[in-house]
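Residue numbers (the working numbering): 4 to 291. Everything below concerns the one structure shown next.
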């Protein structure tokens, strides 16, 4: 499918965010975004999906970015479906690039310049760029891209790629900071709303790799973001089995339809094994 031209009166970059009751973090994210855009000389349009916030998040967004496109939900969409809504609205408008940005990620001033320059390293072929972000306390990689260890037999086993100064190819991404060119957005489509909270970014990356699209991780960190705690999740090995199972089947864990779809779509002929093993690990208290 050929790329449709981007209307000249629209900003070249669309920034997509999903928010829910993290007003202070959302404000900090937007202030850092504005500084990075100014440093790169890159105008942008902001698309925010506020999924039922009750802490004044939408009002705070409007105060920082008066021209923001704010969509609202009732609190039931969670991350992936909120991002699907924001992405869909931005694509209907048409922009040269789409930047996924988590509202708990604080961009560094050079972030957008690094993302754009990394994208140009793909040469004439357009690429998806995932930004490496670090934990502000340790300075170590917290989120970014990872490379599959055994695509054939264990397609979901991947190792994180530490930024080394040069852009690196990856297979799986975290959706914290991701730059998608317009042509590739048209080719791949939106995030799949079958995924409730997580897994949509993993699916998007694996669909891209299956289509022969290169994904590059930035060679330098582009932002700060603390890792999500494992306590109170299916990864909490100290929690009793009953609680771990409840967390596993919750919307933020491995909800059946989402996990089934990911395994069926990308797990190869052994997908039933991968599907079953996901829940078996929770029962056994194995770490993810």
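Just so you know, even glycine gets a beta-carbon here, dropped at the ideal spot from N, CA and C.
- Taking C-beta separations shorter than 7 Å and ignoring five residues to either side along the sequence, the partners of residue 244 in its chain run 286, following chain order.
- Residue environment: residue 121 is assigned as buried (16 or more neighbouring CB atoms within 10 Å of its CB, all protein chains considered).
- The beta carbon of residue 60 lies closer than 8 Å to those of 22, 23, 24, 25, 26, 29 and 53 in the same chain, with the five residues before and after it left out.
- Per DSSP, reduced to three states, the secondary structure at residue 72 is strand.
- For the pair residue 83 and residue 250, the CB atoms are not nearer than the 9 Å cut-off.
- In terms of Cα proximity to residue 252, the closest of 140, 271 and 282 is 282.
- Per the C-alpha coordinates, the member of 103, 268, 148 and 169 positioned closest to residue 210 is 268.
- Contact between residue 92 and residue 187 fails: their C-beta atoms lie close to 18 Å from each other, not under 8 Å.
- Apart from the 5 residues on each side of it in sequence, residue 145 sits with its Cβ closer than 7 Å to the Cβ of 136, 137, 138, 228, 229 and 230 in its chain, given in chain order.
- Across the structure, residue 166 and residue 111 are spaced so that their CA atoms are roughly 15 Å apart.
- In the DSSP assignment, residue 51 falls within the beta strand (DSSP E) that extends over 47 to 54.
- A direct Cα-to-Cα measurement between residue 219 and residue 132 gives close to 5 Å.
- Here the stretch 171 to 185 makes no contact with the stretch 58 to 72; the two share fewer than three CB pairs at distances below 8 Å.
- Judged by DSSP secondary structure, residue 212 falls within the alpha helix (DSSP H) whose first and last residues are 203 to 213.
- Check the Cα spacing between residue 200 and each of 225, 56 and 85: the tightest is with 85.
- DSSP links residue 252 through a beta bridge to no other residue.
- Annotation for residue 228: no alpha helix (DSSP H) segment contains it, and DSSP assigns it neither H nor E.
- With contacts defined as CB atoms closer than 9 Å, residue 173 and residue 147 qualify as a contacting pair.
- Straight across, the Cα-Cα distance linking residue 214 with residue 270 is about 16 Å.
- In the structure shown, residue 156 falls within a coil segment according to DSSP collapsed to helix, strand and coil.
- Shown here, residue 131 sits in a strand according to DSSP, grouped into three states.
- The beta carbon of residue 32 lies closer than 8 Å to those of 20, 104, 105, 106, 107, 108, 109 and 110 in the same chain, with the five residues before and after it left out.
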